[in-house]
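Inspection log for the structure reproduced underneath, given as structure tokens.
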């Protein structure tokens, strides 16, 4: 049940992000009367410069989802490649790859991104790339240990005997068997990336040219949303982050648990 | 030996690479390197800038600068903040203790709470209470810690006035400090607990199907004593790895929570440094955080080999 609930929410959020232009009541950059309370025209009120908060929220889903899913795709692809090769070939390659993984695991990622974003002009593409290039390590480890198991199976041995090339064995024989571990890992990576994006935007390091949920919380806080008790302003983007991350994380964990039952 | 040579080498390489990154970033980023090294708040005449360039060694070649950089690190000379008008290292040491005062109790409480509840939840039948706990921890797991901070601050401090609204001064009594630290520690330890809970739960779910559990049952042991005397030790191994790997992540979380509660720690320092573009402080913080994270991993490795003797034998 939890699973279905998560799936419905994820699909809903993705649809909202795609259809943002059609369903949002106003242009998020249009300016109305600032600091308006929720009313019929502006269901969630307006912010300090008069943007309609509901429209901001709908358009903000784009930046948040792009960063989260984009970073997770980069991280998962990197982790998959590193894990597959180092698990399949073992030996020196494995030593080198796992050494690199261990080193990357120790880099304090958020502080590093803060440093980079402070020196460079921040954009969601930079944040997405940086998160993706730093977050592949745990996927690589999981994929490697699964590959080590799978490569010893009989069907892999028979593929070798039949003379298939290593590349063919890795990508068409082993990869499908790695998938059940990669899918939940991918979902957890989306979650971490989205939380990180929200945190960076909160520091004012987000992309100012694009609305995002983290940036909305940041503005609500520094422009007096909290002290003026305008809870609809800072609570709604926060709840959106929590809801989306919650649904994708619960999907990931339920996938993991179901998989264990099937394996037994 | 406590640590294999291979592991020790990896630690050294990690330190080397991260420190080198810290050298490269301000010198290769767009903009004037003198601004990148001194901060944007720094305005001086042309003559002073020339003098400072010589003092900072910017007139020398990059390789010489790099050697000087390492010399400075070993003598703990991390530069001067013109924004705070103080040495970077002394600012960081002053602020660091509050970050640690938030972080360590949270990690400890989170580890105890998360592993205990997670173990029980994986062991017991899946009843309503069990499901509710898992949902609640998942919700915490999914939220950015600073957002929880905002909500707690609003409800407990702003609405009900139970806790102070802002950070504290260095002169407060122990009780004073405790009152100010209560909410931040509460948030960070539930956040840490939620991560440990999910891992421990999954780990117990796997371990309880193993044969030694059946044997313990056959020996006549009762439910909870099987869990705590036999399963717990094996199941908690992944959690120990997680706590070490999570240290950096929780540290970043703590930095953000500090900002929300205006605590006088490193998070607020980084925030102030960002707002005033005070690059020396930013770099100094990054270095110190790196050392802390690597040290945490190092201790976890040693702890791991104590708890799981199999690791030591392999090494």
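Protein chains in written order, with our numbering: chain Z, 1 to 264; chain D, 1 to 315. Note that CB positions come from ideal geometry on N, CA and C, so glycine has one too. Small disclaimer: the values here were computed from a predicted structure and weren't measured.
Suppose you measure from the CA of residue i to the CA of residue j; what does that come to, to the nearest Å?
| i | j | result |
| --- | --- | --- |
| residue 319 of chain D | residue 71 of chain Z | The requested residue 319 of chain D is not part of the displayed model; chain D covers only 1 to 315. |
| residue 233 of chain Z | residue 129 of chain D | 33 Å |
| residue 52 of chain Z | residue 117 of chain Z | 28 Å |
| residue 115 of chain Z | residue 10 of chain D | 24 Å |
| residue 7 of chain D | residue 221 of chain Z | 44 Å |
| residue 29 of chain D | residue 23 of chain D | 11 Å |
| residue 197 of chain D | residue 242 of chain Z | 18 Å |
| residue 91 of chain Z | residue 144 of chain Z | 13 Å |
| residue 234 of chain D | residue 255 of chain D | 33 Å |
| residue 164 of chain Z | residue 170 of chain Z | 10 Å |
| residue 94 of chain D | residue 269 of chain D | 10 Å |
| residue 85 of chain Z | residue 149 of chain Z | 13 Å |
| residue 47 of chain Z | residue 19 of chain D | 42 Å |
| residue 14 of chain D | residue 245 of chain D | 14 Å |
| residue 229 of chain Z | residue 243 of chain D | 37 Å |
| residue 257 of chain D | residue 183 of chain Z | 31 Å |
| residue 155 of chain D | residue 183 of chain D | 11 Å |
| residue 249 of chain Z | residue 110 of chain Z | 20 Å |
| residue 11 of chain Z | residue 17 of chain Z | 10 Å |
| residue 52 of chain D | residue 276 of chain D | 20 Å |
| residue 200 of chain Z | residue 195 of chain D | 21 Å |
| residue 202 of chain D | residue 185 of chain Z | 14 Å |
| residue 89 of chain D | residue 284 of chain D | 7 Å |
| residue 299 of chain D | residue 50 of chain Z | 52 Å |
| residue 151 of chain Z | residue 181 of chain Z | 15 Å |
| residue 134 of chain D | residue 253 of chain D | 21 Å |
| residue 14 of chain Z | residue 131 of chain Z | 20 Å |
| residue 126 of chain D | residue 223 of chain D | 15 Å |
| residue 38 of chain D | residue 189 of chain D | 37 Å |
| residue 210 of chain D | residue 176 of chain D | 50 Å |
| residue 136 of chain Z | residue 40 of chain Z | 46 Å |
| residue 363 of chain D | residue 34 of chain D | Shown here, chain D extends from 1 to 315; a query on residue 363 of chain D therefore has no answer. |
| residue 175 of chain Z | residue 106 of chain D | 40 Å |
Along the chain, where does the alpha helix (DSSP H) that runs through residue i open and close?
| i | result |
| --- | --- |
| residue 144 of chain Z | 137-150 |
| residue 29 of chain Z | Here residue 29 of chain Z belongs to no alpha helix (DSSP H), and DSSP marks it neither H nor E. |
| residue 317 of chain D | Residue coverage of chain D in this structure runs from 1 to 315, which leaves residue 317 of chain D outside it and unanswerable. |
| residue 272 of chain D | 266-275 |
| residue 199 of chain Z | 175-202 |
| residue 56 of chain Z | 53-89 |
| residue 335 of chain Z | Nothing about residue 335 of chain Z can be reported from this structure: the residues present for chain Z run from 1 to 264 only. |
| residue 305 of chain D | 279-307 |
| residue 273 of chain Z | Absent from the model: residue 273 of chain Z. The displayed extent of chain Z is 1 to 264, so no value can be given. |
| residue 18 of chain D | 5-28 |
| residue 90 of chain D | 88-123 |
| residue 146 of chain D | 145-152 |
| residue 226 of chain Z | Segment: none, residue 226 of chain Z is in no alpha helix (DSSP H) and carries neither H nor E. |
| residue 263 of chain D | No alpha helix (DSSP H) contains residue 263 of chain D, which DSSP labels as neither H nor E. |
| residue 171 of chain Z | From DSSP, residue 171 of chain Z is part of no alpha helix (DSSP H); its letter is neither H nor E. |
| residue 164 of chain Z | Looking at the DSSP string, residue 164 of chain Z is not in any alpha helix (DSSP H), and its letter there is neither H nor E. |
| residue 114 of chain Z | 109-119 |
| residue 134 of chain D | 128-141 |
| residue 132 of chain Z | 124-134 |
What whole-angstrom Cβ distance do residue i and residue j have, given they're in contact under 8 Å?
| i | j | result |
| --- | --- | --- |
| residue 245 of chain Z | residue 142 of chain D | 4 Å |
| residue 237 of chain Z | residue 60 of chain Z | 6 Å |
| residue 19 of chain Z | residue 247 of chain Z | Residue 19 of chain Z to residue 247 of chain Z, Cβ: 18 Å. No contact. |
| residue 108 of chain Z | residue 290 of chain D | 6 Å |
| residue 114 of chain D | residue 193 of chain D | 4 Å |
| residue 124 of chain Z | residue 75 of chain Z | Their Cβ separation, rounded to whole angstroms, is 16 Å, which puts residue 124 of chain Z and residue 75 of chain Z out of contact at 8 Å. |
| residue 140 of chain D | residue 191 of chain D | 6 Å |
| residue 120 of chain Z | residue 126 of chain Z | 6 Å |
| residue 251 of chain D | residue 293 of chain D | 7 Å |
For the stretch 41-84 of chain D, list the alpha helix (DSSP H) runs that are entirely contained and at least 4 residues long, ordered along the chain.
46-56, 62-74
Tell me which residues of the stretch 188-217 of chain Z have at least one Cβ-Cβ distance to chain D shorter than 9 Å, keeping chain order.
Of all residues in the stretch 188-217 of chain Z, only 191, 192, 194, 195, 196, 198, 199, 202, 203, 204, 205, 214, 217 come within less than 9 Å of chain D when Cβ atoms are compared, listed by chain position.
Which full runs of the alpha helix (DSSP H) of 4+ residues lie inside the stretch 181-232 of chain D, going along the chain?
211-219, 223-226
To be precise: take each residue of the stretch 130-153 of chain D, compare its Cβ to all Cβ atoms of chain Z, and keep it if any distance is under 7 Å. Which residues remain?
So the close ones are 138, 139, 141, 142, 143, 144, 146, 147, 150.
Residues within the stretch 27-60 of chain Z neighbouring chain D, beta-carbon criterion of under 7 Å:
none
Please list, in chain order, the residues of the stretch 264-280 of chain D that have any C-beta partner in chain Z closer than 9 Å.
270, 271, 273, 274, 275, 277, 279
For the stretch 227-239 of chain Z, which residues have a beta carbon sitting closer than 7 Å to at least one beta carbon of chain D?
234, 238
Compile a chain-ordered list of the residues in the stretch 55-89 of chain D whose CB is closer than 7 Å to at least one CB of chain Z.
none
If you measure beta-carbon to beta-carbon, which residues of the stretch 241-252 of chain D are closer than 8 Å to chain Z?
Cβ contacts with chain Z come from 245, 248, 249, 251, 252.
Anything in the stretch 183-211 of chain D with a Cβ closer than 8 Å to a Cβ of chain Z? List those residues in chain order, please.
Cβ contacts with chain Z: 198, 202, 205, 206, 209.
Which residues, in order along the stretch 140-155 of chain Z, keep a beta-carbon less than 9 Å from a beta-carbon of chain D?
The residues in question: there are none.
Residues of the stretch 83-106 of chain Z whose Cβ lies closer than 7 Å to any Cβ of chain D, in chain order:
Cβ contacts with chain D: 99, 102, 103, 105, 106.
Any residues in the stretch 99-118 of chain D with a beta carbon nearer than 9 Å to a beta carbon of chain Z? Which ones, in chain order?
Of all residues in the stretch 99-118 of chain D, none has a Cβ within less than 9 Å of some Cβ in chain Z.
Taking a cut of 7 Å between CB atoms, which residues from the stretch 293-312 of chain D lie near chain Z?
Residues of the stretch 293-312 of chain D with a Cβ closer than 7 Å to any Cβ of chain Z, in chain order: 293, 294, 297.
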